[in-house]
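Q:
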Amino acid sequence: MFDAFFRALGRSRETRETESHSDDVRTDGGVADPAMAGEAEASSSSVLDSEFVQSLPFWGPPALLVGLFVYGAVAWNVLISLTDWSGLGQPEYENFDLSVYSQMLNDLLDPTSNFFVATRNTVALLVAFTVITLLLGLLLAILVDQGVRFENTFRTIYLLPMSLSFVVTAIFWSWMYNPSIGLINETLRTVGLGAFTQAWLSNPQFKLGAVIFALMWQFSGYAMIVYLAGLQAIPNEQYEAARTDGASTFRMYRRVVVPQLRSSTTSAAVVLMVFALKAFDFLFVMFGPNPGPSTDILSVMMFREAFMSTNWAYGSGIATVLFLMALGVIAPYLYRQYQRGEL
Amino acid sequence: MARLTLDSVTKRFDDVVAVDGVSVDIEDGEFLVLVGPSGCGKSTTLRMIAGLESISEGDIRLGQTSLSGKRPKERDIAMVFQSYALYPHMTVRENMSFGLEESTDLDDDTIRQKVEDAASMLDIDDLLGRKPDELSGGQQQRVALGRAIVRDPEVFLMDEPLSNLDAKLRAQMRTELQRIQENLDTTTVYVTHDQTEAMTMGDRIAILDGGHLQQVGTPLEVYHKPANRFVAGFIGEPSMNFFEMEVQGDRLVGDDFAYPLSEESRAAVEGSSHVTLGIRPEDVEVVEEGDGRHEFETVVDVVEPMGNENNVYLAFSPEREHSFVATVGGMRSVESGQPVVARFPESAIHLFDAETGAALKNRSLDELESSEPRL
Amino acid sequence: MSSNSGSWSESVNLRRVSVYGVLVVMVAFYLAPLETGLMTAFKTQNAFFSTTPFAPPPADGVTVQPWAAALDRLGPGVVNSLLFAVPATMLSALFGSMAAYGMTNLNWKYQVGVLSLFVAGVFIPYQSVLVPLTRFWSMVDVASLLAFIPPLADRAGLIELGVTHAAYGIPICTVLFRGYYLSLDDEMLEAARLDGASPARIYRKIVLPLSKPMFAVTLIYQFTNIWNDLLFALVLVSDPSNAPVTIALNTLKGSMVQQYNVQMAGAFIAALPTLVIYVLFGEQFAKGVAGET
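Chains Y, U and G, in that order, give the protein sequences.
The numbering of the first sequence is our numbering, which starts it at 10 and goes up by one.
The numbering of the second sequence is our numbering, which starts it at 785 and goes up by one.
The numbering of the third sequence is our numbering, which starts it at 2 and goes up by one.
Quick look at the structure:
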């Protein structure tokens, strides 16, 4: 017993000595023996390489497609916007200039120009649509989160419009907005508000508002889903604690719950704003390529300039502006996600 | 043949050194336990052996062959994970066959035979057709073991395999794992943060702290001959009592008491001005009264009855917050507030350098055979 | 005391009732356009001019003729949409799953950079690629490349549309799958590596079988997106015989301005596949919608 014990002890001392020896090697090894360090680096980077090589077949082909179709196309689009291509011919990739963009800048100073009007409407749509959709979505989420029966059914119904094509919803809402026999005006007349009936889709005062209202109908279910996820992440104890503190329901939501939904609001707002920038199908089906100054937006104008009027360079210019606007919305968002390690 | 050698193994993550020059030789068939507090580098060490992490410096050899640069599948190593890591969409049989199908050219019949042999060894024959989510935690644990055993590897690696089991099952599996390892005689490296597992299971224990290897030795060795204060405090439950003392001639003087030293102990602390005095709770003798050189008047603060024994927390005076633990027999009645005398026999004390923590003097081994480690 | 608790429970009841009240009013709001449309689609021309839009058709004004008329116009469009939407959906889901695996469960340098480009790709407006896209497909002339297989050459527009949609669907599918793959047990994948499986085998034998629920989400969400799109079809499909259902429906609306009953029937026919999928798999669709953020 004792023999074995001391033998083992000896061995452990040996081990300790080796260790302290290796410590010495390590402390000055970085300087005194760079060859060894280099070797270690090389072997570890070859491991990385092989993982990189093995991962390539998986993300390579999709990345190629995305690179080509998305980013390649975006770059190509910028290139086209620098030419003076119009009409039926081919673009000529020489004599690049910024004439398209200087024309846009000039237009921005002229409140009657198409570009100015479309930009103004795009911004108005973006802001108003995002705000009211978020508000309605939040209201729906709070209501559905009250532990009501048939919660799933309510949720399913509110989200239903999101599954429909804009072509379909534009047709529904054209019918809803019909001035003589549409449901909106019929309802107003029934409840004695006949004075408020409007030719919603032809009166320039209400056109954009009518579009925003219909889009809110379609997207508020989405905002609700995002908010519901946020609400359900808040621990029940917090509601109970706020109740114990004597907070009224309204105050509890305003002071305790809504502040915790900030990240839900941000991510839903990003998606809604980007959608507002590219909203096209709905307006195009409702009003055709020329919605008129009260409802013209950049994405429709881009289509009209490029594909109807064959002002390809100018259309690409507008497309570049839309891309930059979208980038302005998503870049800060993605950067923040990256910083929080949530990418 | 399957001697596993860690040679100055170092792992850096960016600027952080997770494992710092660890060297251990693990004999063929040996059961080595890597133990240490969380973040000490034990799992990283294991993952480097498995090939799941690259080695920044140093080398790991199996027999004569270096493992660095080899892929996990080329290492002939099987690992049992803390989360069991079973494939949820496969039956137990498929879980156990997967490794053989992927890493060998065995035909289906041989694989089936091997899986069934391993299953019967682990007593999970009946579960072969089930999926992991239909199994209890203990059964999943066995399947995870079976998946490693069926590969018949040169080395088993186990990363806290029992930590997700409840206390009773854990004790049971501990014994069973030891039995299996002894039968198979496969070199095993076992990682745990639980010193009880380390003491009961390991042929030898390697204690890591802050990426540094503190000591390698048999359970008794690290218990009675800790290389430093960290090992002394980490191994043993309740922990060793420590007192900070100043060396004054032939005495150690602390805040609460002074401890006269024999000639031998004096020689050991030669050159140190401050030392830490350590004594295990079971070595503290609680007596009614006495006036010996190593006896101190104390007051009982709290008594924790454990059944077979009592952990008694003693304070040098009722006002002092600092208390220390003594273990006394379970039948002995000690009450809170009662004045008692504590004796620290000089043969049982450990002395550590206050600065480096290195052991200057360990307890004498005369009574070794009579004193069992307490866990 | 008892009166206190009485008023308390009364106020709770009042609260519950008003919650349900608002919820039901909102149900009416969300379903009104659909209900109105459905009723109108069964009415004769005279009936929908003379009745309230949401009221059921009067006995003498019931007809299925609008459905027949709409189906006649939209039938080929439905077939065309199926022809490109189904393969495009499957392709983008598969590519998305592969990309997510390669960038989530395998580790290599700069993968965050590549991943960011995928995520940003979800948000890029189609408008900013439309002109180059038409240039690209006029240079890569699918029709003449496939001239030796006439049935495919005739469908060149649909092939172009399908490839384009598959490519643009990859980013969102990658994001959806990545969220799921992040939740896979790392130790399980490491166990498979130690079991000797290569990354390709791990994908094939472990990850892919475990991805079934996510494939359901992705396929449903992506099919709905592709089926519903108008813009790409508008600029890529020139041959009317290749027009998908969204184009056919838009044309129908333009040519039957006053025939709301036919328009509504057409809208329902075009929406039917996505509606059926939504009713059956609403949960998966909701996950897809939520995964976009």
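Ideal Cβ placement from N, Cα and C applies to all residues, glycine included.
How many angstroms separate the CA atom of leucine 890/U from the CA atom of glycine 1091/U?
A: Position 106 of the second sequence, counted from the first residue, corresponds to residue 890/U. Position 307 of the second sequence, counted from the first residue, corresponds to residue 1091/U. Their backbone Cα atoms lie some 54 Å apart in a straight line.
Q: Beta-carbon within less than 6 Å of leucine 298/Y's beta-carbon, same chain only, minus the 5 sequence neighbours each way: which residues are those?
A: Sequence index remark: in the first sequence, residue 298/Y carries index 289 (1-based). Checking the sequence shown, residue 298/Y turns out to be proline, not leucine. Scanning its chain for C-beta atoms nearer than 6 Å, with the 5 sequence neighbours on each side dropped, one finds around proline 298/Y the residues Arg313 and Met317, in chain order.
Q: Select from Phe125/Y, Gly230/Y and Trp209/Y the residue whose C-alpha is nearest the C-alpha of lysine 288/G.
A: Here residue 288/G refers to the residue found at position 287 when the third sequence is read from its first residue. Looking at the Cα atoms, Gly230/Y is the closest of the given residues.
Q: For methionine 257/G, would you say it is in contact with chain U, using Cβ-to-Cβ distances shorter than 8 Å as the test?
A: For the purposes of this step, residue 257/G is taken as residue 256 along the third sequence, with counting starting at 1. False, the Cβ-Cβ gap to chain U never drops below 8 Å.
Q: Grab me the residues of tyrosine 279/G's own chain with a C-beta within less than 7 Å of its C-beta, minus the 5 sequence neighbours each way, in chain order.
A: Locating residue 279/G in the third sequence gives position 278, counting from the first residue. Cβ within range, chain order: Phe286.
Q: One question on the structure: do threonine 139/Y and alanine 285/Y come within less than 8 Å of each other, judged by their Cβ atoms?
A: If you number the first sequence from 1, residue 139/Y lands on position 130. If you number the first sequence from 1, residue 285/Y lands on position 276. Cβ atoms of threonine 139/Y and alanine 285/Y: closer than 8 Å.
Q: For the 8 Å Cβ check, are there 3 or more pairs between the segment 326-336 of chain Y and the segment 799-806 of chain U?
A: These segments do not touch.
Q: Going along the chain, which residues of its own chain have a beta-carbon closer than 6 Å to the beta-carbon of proline 1123/U, five neighbours each way excluded?
A: For the purposes of this step, residue 1123/U is taken as the residue at position 339 of the second sequence. Short of 6 Å from the beta carbon of proline 1123/U, and not among the five residues preceding or following it, lie these beta carbons of its own chain, in chain order: Val1083.
Q: Going along chain G, which residues have a C-beta under 7 Å from glutamate 886/U?
A: Numbered from 1 along the second sequence, position 102 holds the residue referred to as residue 886/U. What glutamate 886/U touches in chain G: Asp196, Gly197, Ala198 and Arg202.
Q: Spell out a yes or no on whether the segment 988-997 of chain U and the segment 817-824 of chain U are touching, meaning 3 or more CB-CB pairs, one atom from each, closer than 8 Å.
A: Between the segment 988-997 of chain U and the segment 817-824 of chain U there are three or more C-beta pairs closer than 8 Å, enough to call the two in contact.
Q: Please tell me whether proline 214/G has its Cβ less than 8 Å away from any Cβ of chain U.
A: Taking the third sequence and counting its residues from 1, the one referred to as residue 214/G is at position 213. No, proline 214/G lies away from the interface with chain U (no Cβ there is under 8 Å from its Cβ).
Q: Here's a check: name, in chain order, each residue in its chain whose Cβ is nearer than 8 Å to the Cβ of valine 40/Y, leaving out the five neighbours to either side.
A: Numbered from 1 along the first sequence, position 31 holds the residue referred to as residue 40/Y. With a pLDDT of only 31 at valine 40/Y, under 50, the local geometry of the prediction cannot be trusted, and the value read off the model is given with reservation. Around valine 40/Y: no qualifying Cβ.
Q: Within the continuous beta strand (DSSP E) that includes tyrosine 1097/U, where are the two ends?
A: Numbered from 1 along the second sequence, position 313 holds the residue referred to as residue 1097/U. Unbroken beta strand (DSSP E) run through tyrosine 1097/U: 1093-1099.
Q: With glycine 922/U and leucine 961/U assumed to form a contact (beta carbons below 8 Å), what rounded beta-carbon distance in angstroms separates them?
A: Residue numbering aside, residue 922/U sits at position 138 when the second sequence is read from its first letter. Residue numbering aside, residue 961/U sits at position 177 when the second sequence is read from its first letter. That pair is no contact at about 12 Å.
Q: Flag this pair as touching only if the segment 232-239 of chain G and the segment 55-70 of chain G have three or more C-beta atom pairs under 8 Å; answer yes or no.
A: no
Q: Alpha carbon to alpha carbon, how far is glycine 76/Y from isoleucine 327/Y?
A: Along the first sequence, read from residue 1 onward, the residue named residue 76/Y stands at position 67. Along the first sequence, read from residue 1 onward, the residue named residue 327/Y stands at position 318. If I take the Cα positions, the gap works out to 22 Å.
Q: To test your reading of the DSSP string, which unbroken beta strand (DSSP E) runs of 3 or more residues are found completely within the segment 1127-1152 of chain U?
A: 1134-1137 and 1143-1145
Q: Just by C-beta distance, which residues in the segment 63-79 of chain Y are closer than 9 Å to chain G?
A: Gln63, Ser64, Leu65, Pro66, Phe67, Trp68, Gly69, Pro70, Pro71, Ala72, Leu74, Val75, Gly76, Leu77, Phe78 and Val79
Q: I think alanine 1110/U touches glutamate 1079/U, with their Cβ atoms under 8 Å apart; what is that distance to the nearest whole Å?
A: Translated into positions along the second sequence, residue 1110/U becomes position 326. Translated into positions along the second sequence, residue 1079/U becomes position 295. The distance from the Cβ of alanine 1110/U to that of glutamate 1079/U is about 12 Å, inconsistent with a contact at the 8 Å cut-off.
Q: Within a Cβ cutoff of 6 Å, which residues of the same chain sit near glutamate 50/Y, ignoring the five residues on either side of it in sequence?
A: By 1-based counting over the first sequence, the position of residue 50/Y is 41. Note on glutamate 50/Y: pLDDT 38, under 50, position unreliable in the model; the coordinate value appears next. Cβ within range, chain order: n/a, list empty.
Q: Would the segment 962-974 of chain U and the segment 889-904 of chain U be scored as touching if the rule is three or more Cβ pairs under 8 Å?
A: no
Q: Which residues of chain G have a Cβ atom closer than 7 Å to the Cβ of tryptophan 321/Y, listed in chain order?
A: As a working mapping, residue 321/Y is identified with position 312 in the first sequence. Result: Val132.
Q: With 9 Å as the C-beta to C-beta threshold (strictly closer), list the residues of the segment 246-280 of chain G near chain U in chain order.
A: none
Q: Any C-beta of chain Y sitting closer than 8 Å to the C-beta of asparagine 108/G?
A: On the third sequence, residue 108/G is found 107 positions in, with the first residue counted as 1. Yes, contact with chain Y.
Q: Any Cβ of chain G within less than 8 Å of the Cβ of serine 220/Y?
A: Here residue 220/Y corresponds to residue number 211 of the first sequence, with the count starting at 1. It should be pointed out that residue 220/Y corresponds to valine in this sequence rather than to serine. In terms of beta-carbon proximity, valine 220/Y stays away from the interface with chain G, with every pair separated by 8 Å or more.
Q: Output yes if chain G places a C-beta closer than 8 Å to the C-beta of serine 827/U; else output no.
A: In the second sequence, residue 827/U corresponds to position 43, counting from 1. False, the Cβ-Cβ gap to chain G never drops below 8 Å.
Q: Does phenylalanine 55/G have its Cβ less than 8 Å from a Cβ in chain Y?
A: Within the third sequence, residue 55/G is the residue found at index 54, counting from 1. For phenylalanine 55/G, the answer is yes, since a Cβ of chain Y falls inside 8 Å of its Cβ.
Q: Could you tell me which of Pro66/Y, Ile151/Y, Val177/Y and Asn86/Y sits nearest to threonine 225/G, measuring between CA atoms?
A: By one-based count along the third sequence, residue 225/G stands at place 224. Taking the Cα of threonine 225/G as reference, the smallest distance to any Cα among Pro66/Y, Ile151/Y, Val177/Y and Asn86/Y is reached at Val177/Y.
Q: With a CB to CB cut of under 6 Å and the five nearest residues on each side skipped, what residues in its chain are close to aspartate 1085/U?
A: As a position in the second sequence, residue 1085/U is number 301, starting the count at 1. Here the set comprises Tyr1097, Ala1099 and Ser1107.
Q: Could you give the DSSP three-state label for alanine 44/Y: helix, strand or coil?
A: If you number the first sequence from 1, residue 44/Y lands on position 35. Because alanine 44/Y sits at a pLDDT of 35, beneath the cut-off of 50, its placement in the model cannot be relied upon, and the following sentence gives the value as read from the coordinates. Alanine 44/Y falls in the helix class under three-state DSSP.
Q: How about methionine 40/G: is its C-beta nearer than 8 Å to some C-beta of chain Y?
A: The sequence position of residue 40/G within the third sequence is 39, counting from 1. Not closer than 8 Å to any Cβ of chain Y, the Cβ of methionine 40/G fails to qualify, so no.
Q: Report the option in Val290/G, Asp240/G and Val258/G whose CA atom is closest to the CA atom of alanine 154/G.
A: Here residue 154/G refers to the residue found at position 153 when the third sequence is read from its first residue. Among Val290/G, Asp240/G and Val258/G, the Cα nearest to that of alanine 154/G belongs to Asp240/G.
Q: Using alpha carbons as the reference points, say which of Ala315/Y, Ala322/Y and Met310/Y lies closest to valine 126/Y.
A: Residue 126/Y sits at position 117 when you count from the first residue of the first sequence. Of Ala315/Y, Ala322/Y and Met310/Y, the residue nearest in Cα terms is Met310/Y.
Q: Is there a Cβ from chain G that is less than 8 Å from the Cβ of glutamine 924/U?
A: By one-based count along the second sequence, residue 924/U stands at place 140. No, no contact with chain G.
Q: Mapping the DSSP letters down to three states, classify serine 947/U as helix, strand or coil.
A: The residue labelled residue 947/U in the question sits at position 163 within the second sequence. Reduced to three states, the DSSP call for serine 947/U is coil.
Q: What three-state label does DSSP hand glutamine 999/U in the structure shown?
A: Within the second sequence, numbered from 1, the residue matching residue 999/U stands at position 215. Reduced to three states, the DSSP call for glutamine 999/U is strand.
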